[in-house]
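Participant: Sharing a structure, written as structure tokens. Questions coming.
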Amino acid sequence: MTNDLPARIDHRKILEEHISAQIGRRALLKGIGAGILTAGAASVLPDLARAQQSGHMRIAAIKHIDTLDPHFTFFLSAVQIINNIHNGLLKVTYDGKAVRFEPDLAETWTLEDDRTHLFKLRAGVKFHDGTACDAEAVKFSLMRVKSGTPASPHAWKLALLKEVEIVDPLTVRLHFTEPYAFLQVALTGSTGRAGTIVSPAAVAKYGMDYGRNPVGTGPFKFVSWRDNDAIELEANPDYFEPGMPRLQRASFVLIDEPSTAVAALVSGQIDGMTDCPMQLVAQVKNIPSVTLYGEIEGNYTYVGMNNRSAPFNDVNLRRAVAFAIDREALLKQAFFGLAQQAYSPISPPMTGYYDPNIASTNRGHRFDLAKAKEFRAKAANQGEIEVTYIMAERGPVGTRIAQTVAPMLAKIGIKVKLELLEPAAWVQRMKDGNFQMLDFDWVADLDPEETIFPEFKTGGSWNYWGWSNPEFDRLCAEAQTMIDVPTRAGLYHKAEDILMDEAPIAMLAHMPIYKVFSKKVKGFNYVPCDLVDLHGVSLG
């Protein structure tokens, strides 16, 4: 612990208070030694009538989908579908004001001490293949993420998990080596992914092809995935939530061109879009038959540089890039005036962690051409430097970012060559480290751990930049076990300051993420974690 931290912090008390404030109306805070979380009426009213499913909803899926295996996907575009097939121990909800974590497969959550958590599961829940969703399945799923082969990119979320103890067929006790501030996020079956429960029988049957044959407990069953066509789901008539799902079928139509999707939405061929790019927002706002949803979420966009080799293994050159970009001009030209300048990764919705005074301080990245030239003068290579900036075919925003940044970098002697790639090739180049410069959008849960730790820690799952700093790693690791929010925020701010100073990336913007649905769609619950939640949706 650093010297300026409190000498004694009651992690258990803080964790109990934090959980009770987060779990919402459907949950109940009980006394010490009792269940902190309890699933509401759904678990005690089994005689309620089953949902009457009807209707076929068609949704345009705009972005790249890599796999429907929750433990291996890199993209929230895939989670938008996975979330409707699978459940987690917990789920994330939104009441228009705050994100909360509520019971899902877990009926109760008992905090036995700050390192020991007891989860009682719902009785009678089955996977879509008819096998039981029980304590064995929970242990299998968590250990598949933590230490399975091949390694899950989400393994870091369960690094502090010491043991999964099966108490009885419907009870698991999770033992952690330290208090774990990120736990409630990790155990959601949506964006957290580490706590998504999968069918052990299906994994045994399909192996690494599980991502094309997912079997969960969710409101919809997977039917088929036709490349360049659609991913088809059908209602799970045995879903445990009363009255859900209401749809009989849901099709995620794979449409690469957003303007084509908008035209299909207007003509009634589809009922919604998983993503409405910013260049189409003004047009969509003027369509009376649709509803647009969106706000700034836990996201940020940045220019990433390959720190492993020249020229960006030079910290002063990276610093020069970070200060050479005119964000005000960029917001207008590339983000259609809809985004907000990002000084550092932690975004405005992360209450308690976002620094509201960051714009008026010297923290983070901002445009300062004089400072950029000072750092450029300190760089080892004083000649003109030529670099290749790879772009994915993802519409005008991505293209405009690159086209706007390139002439700005020319002012500090960096000549940028733009290379356009189809999305899958772009992703592979990034994963392989076969690039010099690119721009990247990161959408995280509303918690700073996923915002900066896996992307920038040494050897992190998404650290494509090859950057490493031991003090950054130490601060993030300490914050991971710090339950007290102000103290934890201070640790993350120190980590951010190191990250921004060494500049493996150059911060650009916090972007709103938009979704659009026909007004025929009823019951859509917008959640600002880039989810598409169809649990209670119907077609009017």
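The number in the working numbering is simply the position in the sequence shown, starting from 1, with 193 added. Each residue gets a CB set at the ideal place from its N, CA and C atoms; glycine is no exception.
1) Go through the stretch 254-285 residue by residue and report every complete run of the beta strand (DSSP E) that reaches 3 residues or more, in order.
2) Can you list, in chain order, the residues of its chain with a C-beta nearer than 8 Å to that of Lys332? Leave out the 5 residues immediately preceding and following it.
3) Straight-line CA distance for Glu695 to Thr266?
4) From Phe294 to Glu567, what distance separates their C-alpha atoms?
5) Look at the Cβ atom of Ser392, then the Cβ atom of Asp327, and state whether they are nearer than 8 Å.
6) Would you mind working out which of Ile691, Gly652 and Pro470 sits nearest Glu664, comparing C-alpha positions?
7) What is the DSSP secondary structure of Trp635, counted as helix, strand or coil?
8) Buried or exposed for Asp464, going by 16 or more other Cβ atoms inside 10 Å?
9) Can you name, in chain order, every residue of its own chain whose Cβ lies under 6 Å from the Cβ of Met630, other than the five neighbours on each side?
10) Just to check my reading of the structure: Val590 and Phe528 have Cβ atoms closer than 8 Å, yes? What is that Cβ distance to the nearest angstrom?
11) By a C-beta neighbour count over all protein chains shown, 10 Å radius and 16 as the cutoff for buried, is Met471 buried or exposed?
12) Grouping DSSP H, G and I as helix and E and B as strand, with all else coil, what is Gln526?
13) State the start and end residues of the unbroken alpha helix (DSSP H) segment that holds Pro663.
14) What are the uninterrupted segments assigned as alpha helix (DSSP H) that are 4 or more residues long and contained completely in the stretch 393-429, given in chain order?
15) For the alpha helix (DSSP H) that contains Gly568, what are its first and last residues?
16) Starting from the C-beta of Gly341, find all residues in its chain whose C-beta is less than 6 Å away, skip the five residues before and the five after it, and write them out in chain order.
17) What residues in its chain sit with their C-beta under 6 Å from that of Asn718, if we drop five residues either side in the sequence?
18) Does the distance from the C-beta atom of Leu282 to that of Gly388 stay below 8 Å?
19) Among His264, Asp402, His279 and Ile390, which one has its Cα closest to the Cα of Val338?
20) Going by beta carbon distance, what residues of the same chain come within less than 7 Å of Trp418, once the five residues before and after it are set aside?
21) Taking Ala291 as the reference, which of Gly733, Pro721 and Val730 has the closest Cα?
22) Could you tell me how far apart the beta carbons of Ile278 and Phe413 are, in whole angstroms, since I believe they sit closer than 8 Å?
23) Which residue marks the beginning of the beta strand (DSSP E) containing Phe369, and which one marks its end?
24) By how many angstroms is the C-alpha of Gln575 removed from the C-alpha of Val678?
25) For Ser460, which of helix, strand or coil comes out of DSSP?
26) Using 8 Å as the limit for Cβ to Cβ distance, is Ile463 near chain B?
27) Counting C-beta neighbours from all protein chains within 10 Å, is the total for Met401 16 or more, i.e. buried, or is it exposed?
28) Of the choices Glu612, Ala443, Gly409 and Ala699, whose alpha-carbon is the least far from that of Thr324?
29) Using the rule of at least 16 other Cβ atoms within 10 Å of the residue's Cβ for burial, across every protein chain shown, is Val416 buried or exposed?
30) Got a sec: does the ligand FAD put a non-hydrogen atom nearer than 7 Å to the Cβ of Leu283?
31) Do His728 and Pro438 come within 8 Å of each other at the CB atom, strictly closer than that value?
32) Taking just the CA atoms, how far does Val446 sit from Phe175?
33) Please state whether the Cβ-Cβ distance between Leu440 and Gly248 is less than 8 Å.
34) Across which residues does DSSP place Ile390 in a beta bridge pair?
35) Let me make sure I understand the geometry here. Which of Ser661, Asp519 and Arg251 has the alpha-carbon closest to that of Arg442?
36) Residues in its own chain within less than 8 Å of Ala617 by CB, not counting five upstream and five downstream?
Facilitator: Reading off the structure:
1) You should have found no qualifying run.
2) For Lys332, same chain residues with a beta-carbon under 8 Å away, outside a window of 5 residues either side, are Val357, Ile359 and Val365 in chain order.
3) 29 Å
4) The straight-line gap from Cα to Cα measures roughly 47 Å.
5) No; because the gap between Cβ atoms is not below 8 Å, this pair is not in contact.
6) Ile691
7) In this structure, Trp635 counts as strand in the three-state DSSP scheme.
8) buried
9) Met498, Val580 and Tyr582
10) With 8 Å as the limit, Val590 and Phe528 qualify as a contact, their Cβ atoms being about 7 Å apart.
11) buried
12) helix
13) Pro663 to Gln673
14) Fully enclosed alpha helix (DSSP H) runs of 4 or longer: 393-399.
15) It should be pointed out that residue 568 corresponds to Phe in this sequence rather than to Gly. Run containing Phe568: Leu562 to Lys571, per the alpha helix (DSSP H) assignment.
16) none
17) Asp726
18) yes
19) His264
20) Here the set comprises Arg405 and Ile424.
21) Comparing Cα positions, the closest option is Pro721.
22) Indeed they touch by this definition, with Cβ atoms about 6 Å apart.
23) Thr364 to Phe369
24) Taking the straight line from one Cα to the other gives about 45 Å.
25) helix
26) Considering every chain present, this structure includes no chain B. It has just one protein chain.
27) exposed
28) It is Gly409 whose Cα lies nearest to the Cα of Thr324.
29) exposed
30) Among the components of this structure there are no ligands whatsoever, and the ligand FAD is therefore not found.
31) yes
32) Missing from the structure shown is residue 175; the chain here goes from 194 to 733 and no further.
33) yes
34) Asn280
35) Arg251
36) Cβ neighbours of Ala617 beyond the five flanking positions: His257.
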